[in-house]
Structures are given as C-alpha cells and as structure tokens.
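Visitor: Okay, so the sequence shown: first residue is 833 according to the numbering used here, each after it adds one. Idealized CB from N, CA, C, for every residue including glycine.
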Amino acid sequence: MKKIVSFILLLSMLACSAVLLPSCSVNDNIDESALRGKYTRDLEGTTLNVFNWGENISDGSEGSLSVVKAFEKVTGIKVNYTTYDDNETMYGKLNSGAVSYDVIIPSDYMIERLIEEGLVQKMDMSKITNYQYIDNKYKGMYYDENEEYSVPYTVGLVGLIYNTTMVEGTPDSWGIMWDEKYSGQILTFNNSRDAFGVAQYYLGLDVNSLDKADWDKAAAKLKEQSPLLQARVMDQVFQKMEGGNAAIAPYYAGDFLTMQSNNPDLEMVYPKEGTNIFVDAMCIPSNSKNVEAAHMFINFMLEEEVALANAETICYASPNTLVTENDEYSLKGNKYLYPSDEVIENAQYFHNIDPEVRSYFEKLWDEVTLN
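(1) Can you tell me whether DSSP reads Lys1072 as helix, strand or coil?
(2) Give me, in chain order, the residues of the same chain whose beta-carbon lies closer than 6 angstroms to that of Gly908; leave out the 5 immediate sequence neighbours on both sides.
(3) DSSP three-state label for Leu880, please.
(4) Cα separation between Met1009 and Ala1050?
(5) Can you check which of these residues, Met1073, Pro1103, Thr1201 and Ser1120, is closest to Leu1089 by C-alpha distance?
(6) Would you call the region 1074 to 1081 and the region 943 to 953 touching, i.e. three or more CB-CB distances under 8 angstroms?
(7) Using the Cα positions of Ser855 and Ala1085, report the straight-line distance between them to the nearest angstrom.
(8) Short of 6 angstroms in beta carbon distance, which residues of its chain neighbour Leu867, apart from the five on each side in sequence? Order them along the chain.
(9) Which residue wins for smallest C-alpha separation from Asn1184, given the options Cys1115, Phe1028 and Tyr975?
(10) Just the C-alpha distance for Leu1061 and Gln1071, rounded to the nearest angstrom, thanks.
(11) From the DSSP output, in three-state form, read off Tyr1192 for me.
(12) Going residue by residue through the region 1019 to 1100, where are the continuous beta strand (DSSP E) segments of at least 3 residues, counting only ones entirely within it?
(13) Would you call the region 1116 to 1128 and the region 961 to 968 touching, i.e. three or more CB-CB distances under 8 angstroms?
(14) Thinking C-alpha only, which one of Cys1115, Asp1173 and Gly1029 is nearest Trp954?
(15) Give a yes or no on whether the C-beta atoms belonging to Ala1143 and Val1155 are separated by under 7 angstroms.
(16) For Asn1022 and Tyr923, what's the separation of their Cα atoms in angstroms?
(17) Going by beta carbon distance, what residues of the same chain come within less than 6 angstroms of Asp1097, once the five residues before and after it are set aside?
(18) Terminal residues of the continuous beta strand (DSSP E) containing Tyr916?
(19) Note down the Cα distance separating Ser1162 from Val900, rounded to an integer number of angstroms.
(20) Can you tell me whether Asp934 is buried or exposed, with buried defined as 16 or more other CB within 10 angstroms of its CB?
(21) Assuming Gly929 and Asn1158 form a contact by the criterion Cβ under 8 angstroms, report the distance between their Cβ atoms to the nearest whole angstrom.
(22) Would you call the CB atoms of Pro1103 and Ser1005 closer than 7 angstroms?
(23) Measuring CA to CA, which of Glu1135, Gly1036, Gly988 and Met957 is closest to Ser982?
(24) Mind checking Gly1106: buried by the 16 CB within 10 Å criterion, or exposed?
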C-alpha cells in the first residue's frame, strides 16, 4: 500500500497535462479552522492507538496531507499510529489482548470473524455524522448487515500484475502462475487466504467452501506451484516488480498503480476465472480505552479533504461519495480501481470460514509453505 504522490506532485510542479492524469491536484493543505468548528477539544491530551495496514494513509510525504497531524492539530488528541502487513497478523495481536487498540482497519471477512468472537464493539453511529457519504452499495454488507460495527474505508480487487517485457502477450488466466516458462520469475502472496484464493479461482472452486476436499485440491495446486516460485511476498512485491526482478505477481489493484508509476513496463489484468473483491473498514476493538476519541477519528477520516487525500495517496477505490463525485479526484473512473460491471460480477468476497475448516486450511498452508 504505497504511494503515487511523488508522481502526482512532480506532475503538479511541472503544470502537468490532463493527458497523463485526470487531474493534477495535490492534497497538501486542509482547512483546519472549518474542521475545528466540527470537532471539540474536550479530549485534548488523550492518546489514541490506531492500527492500520502499512502505507495505508496520507502521511505528509512528498507534499501529501498528513492526516494524523491534521487530526492532532484539530482535536488535540495524540495519535499512536502503528501498522501491520495482513489481517491475520492484526488478528493475532488483537486476540492476544497484550495491546489495546482504539481503531483498526481489517478486511471484510476478518470483520465478520471479529464480530463473531466479540473482539469489536458496536459504534454509536450518531457520532459518525459523515457516514451519510458512504455509497449505499457498501452499506449493510454481509459482514455487518445492520451497519453497527464498521465504517468502510477502502475498496479493492486482486489483479494479475505482469511485466510486459518479460511476459509474452497479454495473459487472461491465473494459469500463467503455473507456467514453467516463467519458473523463478513468479511471485505469490505470503498469506494463506489470498494464496489459496488464486488456486481456487483457477480451479473453479468456491473460495468460501466448507468442503475440506476443496481445500485439499487447492493445497495440491499450490504445492505444484512451489518449485516455480521465486518467493512468497507481501510488501516486498513493490521492490521486486518495480525493479524488474520478477515477471508475474498477484496483488491488490491500488498497489499496482504505485508499481506502474515507478515501472511503466508493468500491466495488470483481472483473470477470466474471477478474483477477490474486498472492503477494508474502520472498527473499534472491544477493549478500546478511548471510544469517544475513536469515533472522532473515524468521522474525521470521512471528511472530504481527508478522504480525498487518502484516496489520492494510497490509490485504492473509495466508498466515499465525497471522493468519487469530486471532479478534482485524479483517479476518478480509473479502469483498474473502478472496473467494468463484468469484472465485479465475476469477483467474490471472502467470508469468515467455520473454525474447524479454517484450522484445517491453515494447517494445509503450513504444509504448502514448507515446500
């Protein structure tokens, strides 16, 4: 979850042409005085613990808005901001109880699990006044049907990224990840759910199957792939793909845009077998010590200037209509972030899996990664 802000900033400094980007806006300022009229300083001195994906917020780098600093200035609340690489890492820390967080931003299926296990609490939605700007299609989602536990933050899909100078033609199938022609040049996810997902799409299996035999088939396919892999990665994918050190990798569409801005030889497709669509949303853990401040932070993240800065910086699709209907939004209508209805209809959301089946496929994953 990197940035393309440096790219946008450079174009802005050069009075860039709309031929390259839909707009040249850089969110390097915010109307703090207007926001101070909406947010009290009653909690000044409070420390808020926010746990988010790495590189998943506009942080002030290279001309972007520092969302955390803006929130601190407006409210007087100190933010202790830390990051994680994947949902399972976040879950492990939250479930251990060793650390108390006030705001977390997990993905849909993980939110479903956290609700079931009582690890997140209901919000007072009357305090999230900007919730009205969340697009209706991201409200009442399967993981939070009554809109009580979560507020959507980003939307994304998993695509197949490839280097056009290293791959022949335009791939249209996940099958290329098992092509011996590219042995040693293939990357895949270093997390169980996404990695299994790729094999399941390719095999035509349900990514939410409760049949252990289906997970056995996917595990066998992943073991078949192991000798062809260069590595299993998460954020390391940026360095490898941007540097031309690998030819193929499945990864999140927003991050692809970052990679492509640094290496124009990269392209991405949504394979014909289907892919994962996901929503990451803001939640308040059950053991939060600063619930009032957490509500303020979540509402602040939905402010137009803040949401636009985040969307421009992290390059994920936004569920916030203040962003998607804003003419200054440079990624508005981007074909990778906002693909055709056909792509969306062929995509699947991950759901929380029955604990017994989840334990089963996690053991299978251990076997796969030992290969």
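Guide: In this structure, then:
(1) The DSSP-derived three-state label of Lys1072 is helix.
(2) So the qualifying residues of the chain are Arg873 and Glu876.
(3) Strand at Leu880.
(4) Roughly 14 angstroms between the two C-alpha positions.
(5) Cα-wise, what sits closest to Leu1089 is Met1073.
(6) The region 1074 to 1081 vs the region 943 to 953: no contact.
(7) Bear in mind that a pLDDT of 31 at Ser855, under 50, signals an unreliable position, so the number given afterwards is only what the model happens to contain. C-alpha separation (whole angstroms): 20 angstroms.
(8) If the five residues before and after Leu867 are omitted, its C-beta is found closer than 6 angstroms to the C-beta atoms of Val906, all from its own chain and listed in chain order.
(9) Nearest Cα to Asn1184 within the set Cys1115, Phe1028 and Tyr975: Tyr975.
(10) Using only the alpha carbons, I get a separation of about 16 angstroms.
(11) Tyr1192 carries a helical assignment under DSSP once its states are collapsed to helix, strand and coil.
(12) Within the region 1019 to 1100, the complete beta strand (DSSP E) runs of at least 3 residues are 1061 to 1065 and 1080 to 1084.
(13) Using a Cβ-Cβ distance cut-off of 8 angstroms, the region 1116 to 1128 and the region 961 to 968 are not in contact, since fewer than three pairs of beta carbons, one from each stretch, lie closer than that value.
(14) Before going further, note that residue 954 is Lys rather than Trp in the sequence given. Answer by Cα proximity: Cys1115.
(15) A contact, by the Cβ cut-off of 7 angstroms.
(16) One C-alpha to the other measures close to 16 angstroms.
(17) For Asp1097, where only same-chain residues beyond five positions count, the Cβ hits under 6 angstroms are Asn995, Thr996 and Thr997.
(18) Run containing Tyr916: Lys910 to Tyr916, per the beta strand (DSSP E) assignment.
(19) Ser1162 and Val900 have their C-alpha atoms some 22 angstroms from each other.
(20) That one is buried.
(21) Cβ atoms of Gly929 and Asn1158 stay farther apart than 8 angstroms, at about 41 angstroms.
(22) Yes, the pair counts as a contact, with Cβ atoms nearer than the cut-off.
(23) Minimum Cα distance to Ser982 is reached at Met957.
(24) With 16 or more other Cβ atoms within 10 Å, it is buried.
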